[in-house]
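Student:
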Amino acid sequence: MKLTINETLKACRRAKGLTQEEVAAHLGISYQAISKWERGDGYPDITMLPTLAAYFQITVDELLGTAGLADRKDYDAINQCWAEQHRLAKETSDDALHRKNAALMRSALKRWPNDALLLVQLSTTLERLDGTDTEKEANLRESVMLQEQILRGEDSEVRSATLYNICFAYERLGEHEKALEAAEKLPNLYKSRENAMVLLHKGKEKRTHAQGALAPLAYCIELHLSALAETDTAGDWDRKLEQIHKILAE
């Protein structure tokens, strides 16, 4: 584990507008010691850590640079727990697991407010909760509220996925115009990640990305040809779809 005490000391000192000499004088140590610590050529004695932390008004963990690591470990463990319970709930249709996940995400969001992944996972869970029609509608409306919060954030990939999902949440609430309005904001098929990667790469990488794009391409073709088959029985779209599936499989 890499300690970042040198960077923390330097950042805290500069934030207070102090020189190394001033910090040293306040703490009763030599400025050469402060200089050495900030360069990363050595660490303060363990007995100095509480004094330094108190002086800069931070915790010892923050001074050592380990607070973030502990937070990240907790964050990853919480998300792993959610994913496992979500998988089991889908396999067993166990509503109790979804409720556990909802409580887990609400608790996590108190610690990491506005985190896009946590908001997505709470939204997803709420839409799967069982209950009366009134309860289901309330959960769905809360899910929409969370998704709208995500759309106001800065995580572009999560925002894009959320914008797609919220179309169908609005539709389920009977708000068709809002569903269409959200759908209009989605990127078109031409300017997709898959198309850009295929156009930008060369050689083996181009081939890898082209092969990777076949699955979403097949999904898109099936979706649109199936829609045509529903609305245009004279077009023989089912047969055409079967032919395209064979070509893609080859």
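In the numbering used here, the protein residues as written are -2 to 247. Backbone N, C-alpha and C define an ideal beta-carbon position, used for all residues, glycine too.
What is the DSSP secondary structure of S189, counted as helix, strand or coil?
Tutor: Walking along the sequence shown from the start, residue 189 turns up at place 192. If DSSP states are grouped into helix, strand and coil, S189 belongs with coil.
Student: What is the residue span of the alpha helix (DSSP H) that W34 lies within?
Tutor: Working through the sequence shown from its first residue, we reach residue 34 at position 37. Start and end: 28 to 36.
Student: Could you tell me the distance, in whole angstroms, from the CA atom of T154 to the CA atom of L148?
Tutor: Counting from 1 along the sequence shown, the entry for residue 154 is found at position 157. Counting from 1 along the sequence shown, the entry for residue 148 is found at position 151. It should be pointed out that residue 154 corresponds to Glu in this sequence rather than to Thr. Their backbone Cα atoms lie some 10 Å apart in a straight line.
Student: DSSP three-state label for A210, please.
Tutor: As a position in the sequence shown, residue 210 is number 213, starting the count at 1. A210: coil per DSSP, three-state reduction.
Student: Taking the C-alpha atoms as reference points, what is the distance between E172 and K182?
Tutor: Here residue 172 refers to the residue found at position 175 when the sequence shown is read from its first residue. Here residue 182 refers to the residue found at position 185 when the sequence shown is read from its first residue. If I take the Cα positions, the gap works out to 16 Å.
Student: Once DSSP output is grouped into helix, strand and coil, what is the label at W234?
Tutor: Working through the sequence shown from its first residue, we reach residue 234 at position 237. Helix at W234.
Student: What did DSSP end up calling K182 once you bin it into helix, strand or coil?
Tutor: Your numbering for residue 182 matches position 185 in the sequence shown. Three-state result, K182: coil.
Student: Using CA coordinates, which residue listed in R10, E4, L24, T121 is at the minimum distance from T44?
Tutor: Looking up residue 44 in the sequence shown gives position 47. Nearest of R10, E4, L24, T121 to T44, Cα basis: L24.
Student: Rounded to whole angstroms, what's the CA-CA distance from A180 to F165? Just pull it up for me.
Tutor: Within the sequence shown, the letter at position 183 stands for residue 180. Within the sequence shown, the letter at position 168 stands for residue 165. Cα-Cα distance, rounded: 9 Å.
Student: My output table needs one value for P41: the three-state DSSP class, helix, strand or coil.
Tutor: Here residue 41 is taken as the residue at index 44 of the sequence shown, counted from 1. Three-state result, P41: coil.
Student: Helix, strand or coil for D91 per DSSP?
Tutor: As a first step, residue 91 must be located in the sequence shown, where it is residue number 94. Three-state DSSP puts D91 in coil, outside helix and strand.
Student: When you compare only the Cα positions, how much space is there between D92 and A231?
Tutor: Taking the sequence shown and counting its residues from 1, one reaches residue 92 at position 95. Taking the sequence shown and counting its residues from 1, one reaches residue 231 at position 234. Each residue's alpha carbon lies about 44 Å from the other.
Student: Excluding the five sequence neighbours on either side, which residues of its own chain have a C-beta within less than 6 Å of the C-beta of I241, listed in chain order?
Tutor: As a working mapping, residue 241 is identified with position 244 in the sequence shown. Contacts found: I218.
Student: Count the C-beta pairs between the stretch 104 to 111 and the stretch 124 to 139 that are closer than 8 Å, then say yes if the count reaches three, no if not.
Tutor: No, the stretch 104 to 111 does not touch the stretch 124 to 139.
Student: Helix, strand or coil for I147 per DSSP?
Tutor: Within the sequence shown, the letter at position 150 stands for residue 147. DSSP places I147 in helix when its eight states are reduced to three.
Student: Find out if the Cβ-Cβ distance for the pair Y167, A158 is shorter than 8 Å.
Tutor: Stepping through the sequence shown from its first residue, residue 167 is reached at position 170. Stepping through the sequence shown from its first residue, residue 158 is reached at position 161. Result no, Cβ atoms of Y167 and A158 do not sit closer than 8 Å.
Student: Three or more beta-carbon pairs under 8 Å between the stretch 82 to 96 and the stretch 53 to 61, yes or no?
Tutor: No: the two stretches stay apart, fewer than three of their Cβ pairs being nearer than 8 Å.
Student: Tell me the DSSP secondary structure of R84 in three-state form.
Tutor: Indexing the sequence shown from 1 puts residue 84 at position 87. Residue state, collapsed to three classes: helix.
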